[in-house]
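*Asks:* Positions 164 to 209 (the working numbering) are the ones given, in order, by the sequence shown. Every residue, glycine too, gets a C-beta built ideally from N, C-alpha and C. Since we're looking at a predicted model, the values are computed, not measured. Below is one structure. I have some questions about it.
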Amino acid sequence: AWELKAIDNKKFAELAALLVEIGRMLGGWQKQLIKETPPITGGVRR
């Protein structure tokens, strides 16, 4: 959309900043789940 000039630079920057924040939140959530979930060994969670 930005390359086609469908949205202006300011709006694009705002959306990009929000997407970066969402990505950080999802990354933190993923790290937490990996840390809290025990590994699967032999097909059974331990």
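Do you know how far the Cα of Ala176 is from the Cα of Ala169?
*Replies:* 13 Å
*Asks:* When you compare only the Cα positions, how much space is there between Gly190 and Glu184?
*Replies:* 10 Å
*Asks:* At the level of alpha carbons, what is the spacing between Gly186 and Gln193?
*Replies:* 10 Å
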